[in-house]
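Per my numbering: the sequence shown ends with 288, consecutive numbering throughout. Even glycine gets a Cβ: it sits at the ideal position worked out from N, Cα and C. Presented below is the structure to which this report refers.
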Amino acid sequence: MALLEIKNLSVGFDTSTGQFMAVQGIDLSVDAREVLAIVGESGSGKSVAMLAVMGLLPKAATVTADSMIFDGHDMLTMSGKQRREIIGRDVAMIFQEPMASLNPCFTVGFQLEEVLRFHMKMDRPTRRKRAIELFKQVGIPAPEERLNSFPHQMSGGQCQRVMIAIAIACNPKLLIADEPTTALDVTIQKQILDLLVSLQAKHGMGLIMITHDMGVVAETADRVIVQYKGRKMEEADVLSLFEAPKSPYTRALLSALPENATGDRLSTVADFMKNEAASAGVAP
Numbered sequence: 005m006a007l008l009e010i011k012n013l014s015v016g017f018d019t020s021t022g023q024f025m026a027v028q029g030i031d032l033s034v035d036a037r038e039v040l041a042i043v044g045e046s047g048s049g050k051s052v053a054m055l056a057v058m059g060l061l062p063k064a065a066t067v068t069a070d071s072m073i074f075d076g077h078d079m080l081t082m083s084g085k086q087r088r089e090i091i092g093r094d095v096a097m098i099f100q101e102p103m104a105s106l107n108p109c110f111t112v113g114f115q116l117e118e119v120l121r122f123h124m125k126m127d128r129p130t131r132r133k134r135a136i137e138l139f140k141q142v143g144i145p146a147p148e149e150r151l152n153s154f155p156h157q158m159s160g161g162q163c164q165r166v167m168i169a170i171a172i173a174c175n176p177k178l179l180i181a182d183e184p185t186t187a188l189d190v191t192i193q194k195q196i197l198d199l200l201v202s203l204q205a206k207h208g209m210g211l212i213m214i215t216h217d218m219g220v221v222a223e224t225a226d227r228v229i230v231q232y233k234g235r236k237m238e239e240a241d242v243l244s245l246f247e248a249p250k251s252p253y254t255r256a257l258l259s260a261l262p263e264n265a266t267g268d269r270l271s272t273v274a275d276f277m278k279n280e281a282a283s284a285g286v287a288p
């Protein structure tokens, strides 16, 4: 049985002109020890779908699904109290902007220890010891000192490592990483990706990697879902996706990679979709 299995997930937002559907009829599943990549352009509904799983969407959002089963539990029918016990403990999420996700008014150590206090019921000395272990695990130097730092006293890469430490603090069964390297330079991006994959393998977690970067997909994923305008375009294992993509949109994403450039100008997704439509005799 899959660790997480979602059927027919849709998310809509009320607007002045009617309801905008950000996610439309998505099916997905991920197993323990598997890395699932959800890929697509900004605005394709990748993050919204996972925020629906986490229960972090605003009240203006309408979330419907035929089923949303995590580790044998129906997340659609469980109470708010039951959901709060699972979220942050068994299911954790790393967000795009670490500086925006951490509270600037509290030390990073306090924020990490709060997770351990709430979910693991640890006393203060045990929390401190565990926090130091976690900082060491994610590669933060001088962890005893860094626990007393505020977010603004740390670099973007270090703050992202803090967010990863918070996410894995309770040894979650499922980790969702939402564009975890977006705000980081290339060298730090590689370090963070390597860290996530090694932690996933070490702890046997399911990992959902949300990204628009096909290079990240190639490096990390076992299986890939391609989304476009809130819909699932294609799902395949990573090798099949790169060798024989079935969806025109997937081919468009791959054609826009720098290594696939022809001539002096790099093709865009819009260019490719326009050419595909012209070849099929359809108006773009």
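- The shortest C-alpha to C-alpha distance from Pro262 to any of Lys133, Met218 and Val190 is the one to Met218.
- Look at Arg37 here: in three-state DSSP terms it is coil, with no helix or strand label.
- A check of alpha carbon separations from Arg93 across Ile10, Gln157 and Leu179 identifies Leu179 as the nearest.
- By the Cβ criterion, the region 84-93 is in contact with the region 113-125, since at least three pairs of Cβ atoms, one from each stretch, lie closer than 8 Å.
- Beta-bridge partners assigned by DSSP to Lys63: none are found.
- In the DSSP assignment, Val201 falls within the unbroken alpha helix (DSSP H) covering Val190 to His207.
- With contacts defined as CB atoms closer than 9 Å, Arg132 and Gly113 qualify as a contacting pair.
- Bridge pairing for Arg227: Leu40 and Asp241 [DSSP].
- Take Gln204, set aside five residues on each side of it, and the residues of its chain with a beta-carbon closer than 6 Å to its own are Leu211, in chain order.
- Contact check between the region 193-204 and the region 229-242: fewer than three CB pairs, one atom from each, fall below 8 Å, which does not count as touching.
- Distances from the alpha-carbon of Glu38 to those of Asp226, Gly16 and Thr130 put Asp226 closest.
- A direct Cα-to-Cα measurement between Leu60 and Leu151 gives close to 27 Å.
- Within the region 104-144, the complete alpha helix (DSSP H) segments of 4 residues or longer fall at 112-124 and 128-141, listed in chain order.
- If you ignore the 5 residues before and after Ile73, its C-beta comes within less than 6 Å of the C-beta of Glu9, all in its own chain and listed in chain order.
- When the Cα atoms are used, Pro147 and Ala173 turn out to be separated by approximately 15 Å.
- Beta-bridge partners assigned by DSSP to Val95: Ile91 and Leu178.
- Contact annotation: the region 25-32 touches the region 49-56, with at least three C-beta pairs closer than 8 Å.
- In the displayed model, Ala26 falls within a strand according to three-state DSSP.
- DSSP places Glu9 inside the beta strand (DSSP E), whose first and last residues are Leu8 to Thr19.
- Per DSSP, the unbroken alpha helix (DSSP H) holding Gly160 starts and ends at Gly160 to Ile172.
- Pro155 has its alpha-carbon roughly 11 Å from the corresponding atom of Arg165.
- About 16 Å separates the CB atoms of Ala41 and Leu7; that is not less than 8 Å, and the two are not in contact.
- DSSP places Leu258 outside any beta strand (DSSP E); the residue lies instead in the alpha helix (DSSP H), whose first and last residues are Pro252 to Ser259.
- By the Cβ test, the region 70-86 is in contact with the region 9-21, since at least three Cβ pairs between them sit closer than 8 Å.
- DSSP places Leu55 inside the alpha helix (DSSP H), whose first and last residues are Lys50 to Met58.
- DSSP, read as helix, strand or coil, puts Met218 in helix.
- Residue environment analysis places Phe24 among the exposed positions, since fewer than 16 neighbouring C-beta atoms fall within 10 angstroms of its C-beta.
- By the Cβ-count criterion, Lys177 is buried, with 16 or more other Cβ atoms from all chains shown falling within 10 Å of its own Cβ.
- Note that the C-beta distance between Leu116 and Phe99 is not below 9 Å.
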